[in-house]
Amino acid sequence: QFIPPYTEDCRTDMYPPKGPTFRSTVSWYTIDLDLPPHKRWTSVIKDKKKDLDDMIQAVRDLAKAFVPSGRLIELVDISLPLMLNTLPNPFRDEIKGIASDSGIPLGEITLFNIFYEVFTV
Amino acid sequence: CTSVVAEDSKGNLLHGRNLDFGLFMGWDLKNKSWIMSEKLKPLVVNLDFRRNNKTVFKSTNFAGYVGMLTGIRPHLFSLTMNERFSLDGGYIGILEWILGQRDGMWMSFLTRSVLENATSYENARSLLAQTKLLAPAYFILGGNQSGQGCIITRSRELSLDLLELNVKLGRWYVLETNYDHWEDPFFLDDRRTPAMTCMNMTTQNNISIKTLYDVLSTKPVLNKLTTYTTLMQVSNGNLESYIRDCPNPCMPW
């Protein structure tokens, strides 16, 4: 159907995934729960640092579109690290480890981790 | 998002989901895509959480996100969550948290905690239904035995509804998008009807990982927000994921 909502006949023979609706497979990583929380995500972040940085930059750009002065991201960088200290472990220390491994400000990594609660309105 | 738990004619439980995220978070006019959805795609990873060198659970996740949205505890249960929009939403939960009322749990921390610690389908269902949350949500849970599949509709405080598989009544699958199942979906965002049409056409005799992927590949179940598709089978502990694209013409949501 070439007008919204672009419904189509039920697809068949799509599997194994291929063609224009399939971009790529997904890589596997191991998270060792025996490691201290701040070290668990190091190998994942090492591989995905640039992609994580790109995504966070898109969030910064979006925030700047709403508040051009940059005060919104300033608020995130100042206030969310304070809130992080109230989050339960091991989540708190894992988030701190991710911020440390990626070099991305702690408040911005915290914001990513509470995206769901922020966007349910 | 669209999540489905289905039981095949041999009693095997299959669980599939499309993760849709990024609505209204920047539209790329040139590529006709959501900026945030596209930025999230390279971050999709499959994770094998191990303790004492043994798998505890597996998940499909975004690198840098410590909570869980999609996961499987092999041989016990599979779990996905879908966003539930409400005016009594997570921002109120966050405000309460900041003001010191911290008896609720962050949604994705609860799902991770359930995947890590729940010892059975029933135990997982009970934790997901009864734990106080900061934000409303839909939890879609599948088990390892006939009849073990349900949608838990949650407000921040309460479990509002539990819809379970019942093959004797002809309910061989449960399907959730982002609307309460007892109400009609928003008319501009009806992914439920096409998904159910395709499930009904597939029939219980023909449902499999392969045909579940077909259903999740049909527009508008597949749409511009769809980041990944995950397929899980609890009986063999298998989880597989694929990063998706929705070529034009395709619904933005």
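Going line by line, the protein sequences match chains A and B. Counting in our numbering, the first sequence runs from 16 upward without gaps. Counting in our numbering, the second sequence runs from -12 upward without gaps. Quick reminder that beta carbons are idealized off the backbone N, C-alpha and C, glycines included.
Report the rounded CA-to-CA distance for residue i versus residue j, giving the unit in angstroms.
{"i": "Leu82(B)", "j": "Gln117(B)", "result": "21 angstroms"}
{"i": "Met55(B)", "j": "Arg99(B)", "result": "5 angstroms"}
{"i": "Ser39(A)", "j": "Ile127(B)", "result": "25 angstroms"}
{"i": "Pro32(A)", "j": "Asp201(B)", "result": "9 angstroms"}
{"i": "Arg37(B)", "j": "Gly3(B)", "result": "23 angstroms"}
{"i": "Ile194(B)", "j": "Arg26(A)", "result": "13 angstroms"}
{"i": "Ser20(B)", "j": "Lys63(A)", "result": "22 angstroms"}
{"i": "Ala(-7)(B)", "j": "Leu115(B)", "result": "20 angstroms"}
{"i": "Leu126(A)", "j": "Leu95(A)", "result": "7 angstroms"}
{"i": "Glu103(B)", "j": "Met68(B)", "result": "16 angstroms"}
{"i": "Gly85(A)", "j": "Ala114(A)", "result": "21 angstroms"}
{"i": "Leu97(A)", "j": "Asn187(B)", "result": "50 angstroms"}
{"i": "Gly175(B)", "j": "Met238(B)", "result": "Gly is not the amino acid found at residue 175(B); the sequence shown has Leu there. Rounded to whole angstroms, Leu175(B) to Met238(B) spans 10 angstroms at the Cα level."}
{"i": "Arg75(A)", "j": "Ser146(B)", "result": "35 angstroms"}
{"i": "Asn39(B)", "j": "Val41(A)", "result": "25 angstroms"}
{"i": "Leu27(B)", "j": "Phe49(B)", "result": "7 angstroms"}
Near residue i, what residues of its chain come up, given a Cβ to Cβ distance below 8 angstroms and the 5 sequence neighbours on each side ignored?
{"i": "Met183(B)", "result": "Leu162"}
{"i": "Thr42(B)", "result": "Asp35, Phe36, Pro61 and Gly224"}
By Cβ distance, which residues of its chain are closer than 7 angstroms to residue i, with the 5 residues on each side in sequence left out?
{"i": "Ile279(B)", "result": "Because chain B in this structure spans residues -12 to 240, residue 279(B) falls outside the shown range and cannot be described."}
{"i": "Tyr215(B)", "result": "Leu6, Val31, Thr47, Ser228, Tyr229, Ile230 and Arg231"}
{"i": "Val59(A)", "result": "Tyr44"}
{"i": "Leu90(A)", "result": "none"}
{"i": "Leu150(B)", "result": "Cys137, Ile138, Val161 and His168"}
{"i": "Ala111(B)", "result": "Phe64, Leu66, Val101, Ala105 and Leu128"}
{"i": "Leu212(B)", "result": "Asp7, Phe8, Gly9, Leu10, Trp21, Ser24 and Trp240"}
Against chain A, does residue i count as a neighbour if the rule is that its beta carbon must be under 8 angstroms from one of theirs?
{"i": "Ile230(B)", "result": "yes"}
{"i": "Met183(B)", "result": "no"}
{"i": "Tyr108(B)", "result": "no"}
{"i": "Lys28(B)", "result": "yes"}
{"i": "Glu83(B)", "result": "no"}
{"i": "Ser65(B)", "result": "no"}
{"i": "Ile139(B)", "result": "no"}
{"i": "Ala105(B)", "result": "no"}
{"i": "Tyr160(B)", "result": "no"}
{"i": "Arg89(B)", "result": "yes"}
{"i": "Glu71(B)", "result": "Here the sequence assigns Arg to residue 71(B), which means Glu is not the residue at that position. Closer than 8 angstroms to some Cβ of chain A, the Cβ of Arg71(B) qualifies, so yes."}
Quick one: is residue i near chain B, going by C-beta distance under 8 angstroms?
{"i": "Pro83(A)", "result": "no"}
{"i": "Val91(A)", "result": "no"}
{"i": "Thr135(A)", "result": "yes"}
{"i": "Leu99(A)", "result": "no"}
{"i": "Lys111(A)", "result": "no"}
{"i": "Lys79(A)", "result": "no"}
{"i": "Lys54(A)", "result": "no"}
{"i": "Ser117(A)", "result": "yes"}
{"i": "Glu132(A)", "result": "yes"}
{"i": "Asn128(A)", "result": "yes"}
Excluding the 5 residues flanking residue i on each side, which residues of the same chain have their C-beta closer than 6 angstroms to its C-beta?
{"i": "Leu97(B)", "result": "Thr118"}
{"i": "Pro108(A)", "result": "The sequence shown places Asp at residue 108(A), rather than the Pro named in the question. Same-chain partners within the cutoff: Pro52 and His53."}
{"i": "Gln191(B)", "result": "Ser(-4) and Trp159"}
{"i": "Thr198(B)", "result": "Thr189"}
{"i": "Ile46(A)", "result": "Arg55"}
{"i": "Arg71(B)", "result": "Pro123, Ala124 and Tyr125"}
Which whole-angstrom value is the C-beta distance of residue i and residue j, which I expect to be below 8 angstroms?
{"i": "Leu152(B)", "j": "Gly134(B)", "result": "5 angstroms"}
{"i": "Arg179(B)", "j": "Thr164(B)", "result": "5 angstroms"}
{"i": "Thr36(A)", "j": "Ser(-10)(B)", "result": "The pair is not a contact, with the Cβ atoms about 18 angstroms apart (cut-off 8 angstroms)."}
{"i": "Gly112(A)", "j": "Trp56(A)", "result": "6 angstroms"}
{"i": "Thr135(A)", "j": "Gly76(B)", "result": "4 angstroms"}
{"i": "Ile124(A)", "j": "Ile110(A)", "result": "6 angstroms"}
{"i": "Pro207(B)", "j": "Pro20(A)", "result": "5 angstroms"}
{"i": "Phe130(A)", "j": "Val53(B)", "result": "So it is not a contact: roughly 12 angstroms between Cβ atoms."}
Could you check if residue i belongs to the surroundings of the ligand FAD, using beta carbon to heavy atom distance under 7 angstroms?
{"i": "Asp171(B)", "result": "Looking for the ligand FAD in the displayed structure turns up nothing, as the structure carries no ligands at all."}
Of all the beta strand (DSSP E) runs that stay within the bounds of the segment 127 to 180 of chain B, which reach a length of 3 or more residues?
136 to 141, 146 to 151 and 160 to 163
To test your reading of the DSSP string, which unbroken beta strand (DSSP E) runs of 3 or more residues are found completely within the segment 53 to 82 of chain B?
If we require 3 residues or more, the beta strand (DSSP E) runs fully inside the segment 53 to 82 of chain B come out as 57 to 60 and 64 to 70.
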